[in-house]
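See structure below.
Numbering (my numbering), first residue to last: 466 to 1152.
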């Protein structure tokens, strides 16, 4: 990551000369180099967050704010166009080159069904909005695998870019207000930035408890880390610590930098209060090098040439390492790189970083003149990336396959599940939904806005089937309960059943005190579940319908979690019988999820894009054993309508089974209606 330094006239051959408040801080170049090395190593081999990004944010706030304040002393305020131009010359050329290379490799390596998502991230990265893109999709940044975007790491660049604009506006505004009394600039800025620090820190602490996956990428939650550096830039020139204190700060700060990633799960805790650990280490090392002479050994080491050179590569190395890692994982079809593979990723990243620094970064920085040809080439690459990403979106928007819903299909050509349950012959026919239709082949609640999203605690209820019927089935839980609605809607219309939905993304109805989502606390799910249980108790539907199993996180097959059994007992206390449907198989390779649509687009066939039944399902429905002592629970199992005895295919009876890696397509679910109708009728004795 590039931080904005005061330009130095020369670089040291050995240890740094004595540092002063206004001299170039070569030791911080070295700190930047160590931090980026840790980021790369932790990403490649450990799948953890090292705290290096948090150190970068502190350094960015320190250097950028310091540069702006120094310009206030020169001409009563920083020139906004000049600062923006200088910052753009530092950041954009290398970013454009890396995104262009990523776009090319994506087209060559990835199936066209993934191009839309990466096009979104290309545009978000170049427009410095990648962090908000990732917050909306709740991506897991710490876990690198072949299913992750090759541009995901650029969220931090977006946060820095947004901070630069905000800091420039604040400093320029304060400078203008204090143009007749320049001495008030630093005190007033200190008050404003200090208030921002406190508000942001409090916001991050609260948000990290409730919505960690969002907080990790939220600019306002990250702002306090940048402001820590910014506040330090305002006062560091007045700091004069005894050497003994500076030695303690240097040694302790450097030890924390090296050990933070091992001791703290940054992906699950930052930018909450735990981020004070890497932020505090960065602050300690900045303060440790402020003395006029006789620097601590750690500071001298960081200012030595090897570390300074590594710091010079930091921005380009950060840009390159993640896409190289993700493309390698995709190429090798593995969930992890291994020792030799990781070494290869790092070496390739270093070579590309060195070339990018020498051929691109150095040509555009400081007073360098890159030349018309290089400037034109970088500009052309940027236009090509933006144009290609926008053009692909325009093509999809205008393609009727991406907007039309799959209607009623000829059951002779498209028997779907009947090819398994009834042995119906499936003649040769084009698959439906097609690969472009599949992303939109969704159940009605999603299309109607009848499922609460990850951040919505309110209960959203909709009615399907026969709204005027006296008999009611309440469909409750997550999207895995939702994707049965197309079949239940059809059954309800035919049998005179009212189908009510109580749905929330990622939230199976639960009685757990602190529900988890991907291993993180999900308090919204707990609040939502309590409201839904109250409504079920008061409204008293005839039956409650939801999933009764899920994939086994510790091995093959599926299991029924204890939380599910606790819910059934609560419903039994209310006198509400439960229809528990076994969850559908989730597609994955060695624990790495893959999309059936992507697999088929990449040249796979229904069998190769499916999975052996024994890998994803236990020999017997785990619900049966879990509900043995609960007569109010009636297990439903449509496994034999999704898989044959050996394999769970991606396409069955000419219908695409999955629209992603674990949700059934609405079209296939409609073909399951006869079998679901039979099992529901047997359980309820309604027909």
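Glycine included, each C-beta is placed from N, C-alpha and C at the ideal position. The structure presented is a predicted model; accordingly, all values stated were derived computationally and were not measured.
DSSP bridge partner residues for residue i (one or two, in chain order)
i	result
residue 969	917
residue 1153	Residue coverage of the chain in this structure runs from 466 to 1152, which leaves residue 1153 outside it and unanswerable.
residue 939	965 and 1009
residue 1074	BP columns for residue 1074 are empty, so no partner.
residue 897	1120
residue 1099	1044
residue 985	982
residue 928	965
residue 441	Nothing about residue 441 can be read from this structure; the chain reaches only from 466 to 1152.
residue 1129	1123
residue 1153	Since the displayed the chain opens at 466 and closes at 1152, residue 1153 lies outside it and no answer follows.
Cβ-Cβ distance between residue i and residue j below 8 angstroms
i	j	result
residue 629	residue 529	yes
residue 952	residue 1135	yes
residue 620	residue 682	yes
residue 1029	residue 1013	yes
residue 1024	residue 1015	yes
residue 1083	residue 1011	no
residue 1061	residue 1115	yes
residue 1001	residue 934	no
residue 1049	residue 1141	no
residue 812	residue 867	no
residue 579	residue 589	no
residue 881	residue 1120	yes
residue 829	residue 546	no
residue 905	residue 936	no
residue 943	residue 972	yes
residue 1041	residue 1005	yes
residue 1052	residue 1058	yes
residue 908	residue 948	yes
residue 693	residue 635	no
residue 781	residue 818	yes
residue 1124	residue 903	yes
residue 591	residue 847	yes
residue 637	residue 543	yes
residue 1055	residue 800	yes
residue 1156	residue 672	The structure shown does not extend to residue 1156, since the chain is modelled only from 466 through 1152, so no value can be given for it.
residue 698	residue 531	yes
residue 950	residue 910	yes
residue 1033	residue 1098	yes
Local Cβ density within 10 Å of residue i, reported as buried at 16 or more and exposed below that
i	result
residue 605	Because the pLDDT of residue 605 is 43, which lies under 50, any placement of that residue in the model is unreliable, and the number read from its coordinates should be weighed accordingly. Buried: at least 16 other Cβ atoms inside 10 Å.
residue 969	buried
residue 610	With a pLDDT of only 47 at residue 610, under 50, the local geometry of the prediction cannot be trusted, and no value is derived from it.
residue 860	exposed
residue 1145	buried
residue 695	buried
residue 864	exposed
residue 467	Residue confidence is low: residue 467 scores 44 on pLDDT, short of 50, so the model does not pin down where it sits. Its coordinate-derived value is still stated next. By the 10 Å Cβ count, residue 467 comes out buried.
residue 647	exposed
residue 656	exposed
residue 1068	exposed
residue 676	buried
residue 838	exposed
residue 1133	buried
The region 1020-1036 touching the region 952-966, judged by at least three CB pairs closer than 8 angstroms: With a cut-off of 8 angstroms, the region 952-966 and the region 1020-1036 do not count as touching, because too few Cβ pairs lie within range.
Segment contact flag, the region 764-773 with the region 699-710, C-beta cutoff 8 angstroms, min 3 pairs: Here the region 764-773 makes no contact with the region 699-710; the two share fewer than three CB pairs at distances below 8 angstroms.
Any 3 or more C-beta pairs closer than 8 angstroms across the region 882-895 and the region 944-958: As far as the Cβ criterion goes, the region 882-895 does not touch the region 944-958, which means the pair count is below three.
The region 660-679 contacting the region 487-504, beta-carbon criterion three pairs below 8 angstroms: No contact exists between the region 660-679 and the region 487-504.
Contact the region 870-889 vs the region 915-927: 3+ CB pairs below 8 angstroms: Short answer: they don't touch.
Three or more C-beta pairs below 8 angstroms linking the region 678-693 and the region 729-743: These segments touch.
Ranges of the alpha helix (DSSP H) found wholly within the region 1023-1063, counting only runs of at least 4: Within the region 1023-1063, complete alpha helix (DSSP H) segments of at least 4 residues are found at 1027-1039, given in chain order.
Inter-stretch contact (C-beta, 8 angstroms, three-pair minimum) for the region 515-531 and the region 789-802: Judged by Cβ distances under 8 angstroms, the region 515-531 makes no contact with the region 789-802, as fewer than three pairs qualify.
Alpha helix (DSSP H) segments (min. 4 residues) lying fully within the region 714-775: Entirely contained in the region 714-775, the alpha helix (DSSP H) runs reaching 4 residues are, in chain order, 731-734, 741-753 and 762-767.
Cβ contact (3+ pairs, closer than 8 angstroms) linking the region 715-732 and the region 501-514: Counting C-beta pairs with one atom in each stretch, the region 715-732 and the region 501-514 have three or more that are closer than 8 angstroms, which means they touch.
Touching by the beta-carbon criterion (3+ pairs, under 8 angstroms), the region 644-659 and the region 558-571: Contact fails: fewer than three Cβ-Cβ distances are below 8 angstroms.
Completely contained alpha helix (DSSP H) runs for the region 581-635, where each covers 4 or more residues: Positions of the alpha helix (DSSP H) runs, each at least 4 residues long and wholly inside the region 581-635, are given as 595-602 in order along the chain.
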